[in-house]
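K.L.:
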Ligand SMILES: Cc1cc2nc3c(=O)[nH]c(=O)nc-3n(C[C@H](O)[C@H](O)[C@H](O)COP(=O)(O)OP(=O)(O)OC[C@H]3O[C@@H](n4cnc5c(N)ncnc54)[C@H](O)[C@@H]3O)c2cc1C
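Residue numbers (our numbering), protein chains in the order written: chain V, 1 to 427; chain L, 428 to 630.
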């Protein structure tokens, strides 16, 4: 910036002005009103889509931004486990698009069926053209053993997308008798929110301990280990009880083989377990639209880690749970962070510039009880063409953290929740 | 220059200015991220552009760059106690920390109105003027003091911060430590409470 004089600033700008008329041609100006710098269409108004919309508008309010999202309200998955624990209301995890609209973001409530070279096809609103498209559809589920998208809404909620299923699962817990059995089955890797199942177990255990203390939770996990395991196990032993016949029993490397849906009986390993509340979280894959649009390789969408542009389709950027951004996990924090990187890359591209050098962070807070919080975090950089962990950064909160620190951590987790949702949906 | 061309250049000027801020004006050549790009990653916890909506994570917007830089470096070295900032700060070089500090120092500070006890706040003002105003002037809203913003900062955070200074978990500047001791001797724990209510009463 040192030799950046006003004179060459004007020269550069003159060139940029020329490029605006010549370089971008009508694609930038197409479909947009005077002064527009291009048109961005975002599929999915979840954490990724909402954050990207805000940050594009922050950078250049002249860019025309449209979100396509079927629902009028978004319920955050994160902290929805606290609803299950009876520590939070559904209303507190409900967000609208009003603040985004006030920023000038257009919202079309519809389902996108396919993303094509320069347009998104919708169910009811025809085709919506774009210069750049962001796809952030979250995850889709690989249902097994008779669990389906339909009976998940009425009987066998996975509640791995917050909303009606969160309420259904909460109701099932409320109407369960004291002495009942809750069976929770975490999915295989990779899935959204690695510490999520253990956080859910903690929150449900909190509810049972205070309301139905004779009840128990049996986890049936196909995996050998899970995220923040040491901290969760420590917390479960301290606040609940862990082991066979205890409040929480965690079975590793055991997969559900069969489900009798009528009686909620599962066959797992050598056992048949009759559940009163059955919460099977299916394995996951990219959102349906990603498959329909040819954005996937295997179950997920490969992207350029500097920009999040799809490696399968130019001008289309996939962020959040659907993208392959490992070593970043599939989390809301990661997705919010990725959205800003993609937004910066898109704004730069629409101005004929190179994408700026990115930076990313992830954090997942979990509340084992309302006064015992833990965290895992990581800072990531872009090196050798891909996302990498910054050595020495991040990691788990300390197992030796004082009670005071753990109490503060829950307060910090709630601040994180207020702030990340403000950063995505505005307030 | 005709009107149309002038308008075009004006448009380009504004958008280039906006863009260069967003892209950190490196044009993608340097292999480090701009202060804004780095700072964006903090917003998930500290709020959009560093203004926190609470209830406990502090607002970092509008502080002096030196204050922010020093604090981050203290987290990084372990000199400042933290639940998570140590883990985060270790992810950045000192140059990256300086770049972020520069970015957040330029963001407008939005003091947060909070639920507080008016009588306690009134008493707190007197205590502030007596013990703290010298280094935290204008009720602790002058960034140039490089001593951390107080009025409008989140009350639970101030409570934690002051508890840590008093317990010795965090090191207060010598003279501040003396003032805190004096305050505690004369007013007891209630004195600190009153100060916190005063800072929470900012509009
Ligand atoms: C129980 C639970 C706890 C969690 N806890 C945490 C946590 O503590 N911290 C954390 O960081 N993360 C957490 N997560 C993960 C976090 O919720 C997700 O990683 C995050 O929501 C991903 O954002 P996304 O934009 O990829 O998808 P989503 O937020 O799911 O958004 C996708 C949106 O796209 C829309 N959509 C899908 N298909 C279409 C289509 N064809 N057309 C139009 N719109 C479409 C959907 O309606 C939805 O609104 C948790 C998740 C769960 C399930």
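Cβ atoms here follow ideal geometry from the backbone N, Cα and C, with glycine treated the same way. From a predicted model like this one, the values you see are computed outputs, not experimental measurements.
Checking 8 angstroms against the spacing of the C-beta atoms, do residue 173 of chain V and residue 159 of chain V come in under that value?
P.N.:
Your numbering for residue 173 of chain V matches position 173 in the first chain. Your numbering for residue 159 of chain V matches position 159 in the first chain. Taking 8 angstroms as the Cβ cut-off, residue 173 of chain V and residue 159 of chain V do not qualify as a contacting pair.
K.L.:
In the DSSP assignment, what residue or residues form a beta bridge with residue 428 of chain V?
P.N.:
Nothing can be reported for residue 428 of chain V, as the shown portion of chain V is limited to 1 through 427.
K.L.:
DSSP three-state call for residue 97 of chain V: helix, strand or coil?
P.N.:
Translated into the one-based positions of the first chain, residue 97 of chain V becomes position 97. The answer is coil: DSSP assigns residue 97 of chain V none of H, G, I, E or B.
K.L.:
Which stretch, first to last residue, makes up the beta strand (DSSP E) that contains residue 257 of chain V?
P.N.:
Translated into positions along the first chain, residue 257 of chain V becomes position 257. Here the beta strand (DSSP E) through residue 257 of chain V covers 256-260.
K.L.:
Flag this pair as touching only if the stretch 281-296 of chain V and the stretch 257-269 of chain V have three or more C-beta atom pairs under 8 angstroms; answer yes or no.
P.N.:
Segments in contact, no.
K.L.:
Based on DSSP bridge pairs, tell me the residues matched to residue 278 of chain V.
P.N.:
Counting from 1 along the first chain, the entry for residue 278 of chain V is found at position 278. Note: residue 278 of chain V sits in a beta bridge opposite V:183.
K.L.:
Using a Cβ-Cβ cutoff of less than 7 angstroms, which residues in the same chain neighbour residue 434 of chain V once the five nearest sequence positions on both sides are dropped?
P.N.:
Outside the modelled stretch of chain V, which goes from 1 to 427, sits residue 434 of chain V, for which no answer is possible.
K.L.:
Can you determine whether any heavy atom of ligand 2 sits closer than 7 angstroms to the C-beta of residue 496 of chain L, and answer yes or no?
P.N.:
The ligand content of the structure shown is limited to ligand 1, which means ligand 2 is not among them.
K.L.:
Express the C-alpha separation of residue 481 of chain L and residue 487 of chain L in angstroms, rounding to a whole number.
P.N.:
Reading the second chain from its first residue, position 60 is the one you call residue 487 of chain L. Reading the second chain from its first residue, position 54 is the one you call residue 481 of chain L. Distance between the alpha carbons of residue 487 of chain L and residue 481 of chain L is about 12 angstroms.
K.L.:
Are three or more beta carbon pairs between the stretch 236-245 of chain V and the stretch 397-410 of chain V nearer than 8 angstroms?
P.N.:
Flag = no, the stretch 236-245 of chain V and the stretch 397-410 of chain V do not touch.
K.L.:
With a threshold of 7 angstroms (Cβ to nearest heavy atom), would residue 38 of chain V be considered close to ligand 1?
P.N.:
Your numbering for residue 38 of chain V matches position 38 in the first chain. False, no ligand heavy atom lies under 7 angstroms from that Cβ.
K.L.:
Any beta-carbon of chain V closer than 8 angstroms to the one on residue 507 of chain L?
P.N.:
Stepping through the second chain from its first residue, residue 507 of chain L is reached at position 80. For residue 507 of chain L, the answer is no, since every Cβ of chain V falls outside 8 angstroms of its Cβ.
K.L.:
Answer with buried or exposed for residue 310 of chain V, where buried requires no fewer than 16 other C-beta atoms within 10 angstroms of its C-beta.
P.N.:
For this step, residue 310 of chain V is matched to residue 310 along the first chain. Classification for residue 310 of chain V: buried.
K.L.:
Could you check if residue 85 of chain V belongs to the surroundings of ligand 1, using beta carbon to heavy atom distance under 7 angstroms?
P.N.:
For the purposes of this step, residue 85 of chain V is taken as residue 85 along the first chain, with counting starting at 1. False, no ligand heavy atom lies under 7 angstroms from that Cβ.
K.L.:
In chain order, what are the residue ranges of uninterrupted alpha helix (DSSP H) at least 4 long that sit wholly in the stretch 46-80 of chain V?
P.N.:
DSSP runs (the alpha helix (DSSP H)) wholly in the stretch 46-80 of chain V: 47-59.
K.L.:
Check each candidate in V:393, V:398, V:343 and V:147 and name the one with the smallest Cα separation from residue 39 of chain V.
P.N.:
Within the first chain, numbered from 1, the residue matching residue 39 of chain V stands at position 39. Measuring from the Cα of residue 39 of chain V, the nearest candidate turns out to be V:343.
K.L.:
Could you tell me whether the Cβ of residue 623 of chain L comes closer than 8 angstroms to any Cβ of chain V?
P.N.:
The residue you call residue 623 of chain L lines up with position 196 of the second chain. No, residue 623 of chain L does not count as interfacial toward chain V.
K.L.:
Please decide whether residue 627 of chain L counts as near chain V, where near means a Cβ-Cβ distance under 8 angstroms.
P.N.:
As a working note, residue 627 of chain L is residue 200 in the second chain. False, the Cβ-Cβ gap to chain V never drops below 8 angstroms.
K.L.:
Using a threshold of 7 angstroms, is the CB atom of residue 243 of chain V nearer than that to any non-hydrogen atom of ligand 1?
P.N.:
Taking the first chain and counting its residues from 1, the one referred to as residue 243 of chain V is at position 243. It does not: the Cβ of residue 243 of chain V is nowhere closer than 7 angstroms to a heavy atom of ligand 1.
K.L.:
Return the chain-ordered list of same chain residues with a C-beta closer than 7 angstroms to the C-beta of residue 328 of chain V, the five sequence neighbours on each side being excluded.
P.N.:
Here residue 328 of chain V refers to the residue found at position 328 when the first chain is read from its first residue. Excluding residues within five positions, the ones whose Cβ falls inside 7 angstroms are 334, 360, 362, 380 and 387.
K.L.:
Just checking, does the stretch 313-326 of chain V make contact with the stretch 133-142 of chain V on the three C-beta pairs under 8 angstroms criterion?
P.N.:
Contact between the stretch 313-326 of chain V and the stretch 133-142 of chain V is present, because at least three Cβ pairs lie under 8 angstroms.
K.L.:
Is any heavy atom of ligand 1 found at a distance shorter than 7 angstroms from the C-beta of residue 472 of chain L?
P.N.:
Taking the first residue of the second chain as 1, we reach residue 472 of chain L at position 45. Not under cutoff, so the answer is no.
K.L.:
Return the bridge partner residues of residue 367 of chain V from the DSSP annotation.
P.N.:
Here residue 367 of chain V refers to the residue found at position 367 of the first chain. Paired residue(s): V:373.
K.L.:
Would you call the CB atoms of residue 204 of chain V and residue 182 of chain V closer than 8 angstroms?
P.N.:
Residue 204 of chain V sits at position 204 when you count from the first residue of the first chain. Residue 182 of chain V sits at position 182 when you count from the first residue of the first chain. Against a cut-off of 8 angstroms, the Cβ pair of residue 182 of chain V and residue 204 of chain V comes out as a contact.
K.L.:
Between residue 213 of chain V and chain L, is there a C-beta pair that is closer than 8 angstroms?
P.N.:
For the purposes of this step, residue 213 of chain V is taken as the residue at position 213 of the first chain. By this cut-off, residue 213 of chain V is not an interface position.
K.L.:
Apart from the five residues just before and just after residue 537 of chain L, which ones in its own chain have a Cβ nearer than 6 angstroms to its Cβ?
P.N.:
Against the second chain, residue 537 of chain L aligns to sequence position 110. Cβ within range, chain order: 478.
K.L.:
Determine the closest residue to residue 421 of chain V out of V:206, V:100, V:315 and V:70, with distance taken between C-alpha atoms.
P.N.:
Counting from 1 along the first chain, the entry for residue 421 of chain V is found at position 421. Minimum Cα distance to residue 421 of chain V is reached at V:100.
K.L.:
Taking the alpha carbon of residue 543 of chain L as the reference point, which residue from L:582, L:591 and L:612 has its own alpha carbon closest?
P.N.:
For the purposes of this step, residue 543 of chain L is taken as the residue at position 116 of the second chain. It is L:582 whose Cα lies nearest to the Cα of residue 543 of chain L.
K.L.:
Taking the beta strand (DSSP E) that residue 162 of chain V falls in, what are its first and last residues?
P.N.:
Along the first chain, one-based indexing puts residue 162 of chain V at 162. Premise fails: residue 162 of chain V is in no beta strand (DSSP E) and is neither H nor E.
K.L.:
Might you give, ordered along the chain, the residues of its own chain that have their beta carbon closer than 8 angstroms to the beta carbon of residue 568 of chain L, omitting 5 neighbours on each side?
P.N.:
What you label residue 568 of chain L is simply residue 141 of the second chain in a count that begins at 1. Taken in chain order, the residues that qualify are 536, 538, 576, 577, 578, 579 and 629.
K.L.:
So if I threshold CB-CB distances at 7 angstroms, which residues from the stretch 454-475 of chain L count as touching chain V?
P.N.:
Residues passing the 7 angstroms Cβ filter: 454, 455, 457, 458, 459, 460, 461, 464, 465, 467, 468, 470, 471, 472, 473, 474 and 475.
K.L.:
Should the stretch 557-571 of chain L be called in touch with the stretch 598-610 of chain L, which here means at least 3 C-beta pairs below 8 angstroms?
P.N.:
As far as the Cβ criterion goes, the stretch 557-571 of chain L touches the stretch 598-610 of chain L, which means the pair count is three or higher.
K.L.:
Against chain V, does residue 600 of chain L count as a neighbour if the rule is that its beta carbon must be under 8 angstroms from one of theirs?
P.N.:
Within the second chain, numbered from 1, the residue matching residue 600 of chain L stands at position 173. It does not; no Cβ of chain V falls within 8 angstroms.
K.L.:
Using a Cβ cut-off of 7 angstroms, pull out every chain L residue sitting near residue 375 of chain V, in sequence order please.
P.N.:
Along the first chain, one-based indexing puts residue 375 of chain V at 375. The answer, in chain order, is 511.
K.L.:
Apart from the five residues on each side of it in sequence, which residues of its chain come closer than 6 angstroms, Cβ to Cβ, to residue 140 of chain V?
P.N.:
Taking the first residue of the first chain as position 1, residue 140 of chain V is located at position 140. Answer for residue 140 of chain V: 285, 287 and 288, listed in chain order.
K.L.:
Taking only runs that begin and end inside the stretch 181-235 of chain V, name each unbroken beta strand (DSSP E) of 3 or more residues, in chain order.
P.N.:
Runs found: 181-185 and 216-220.
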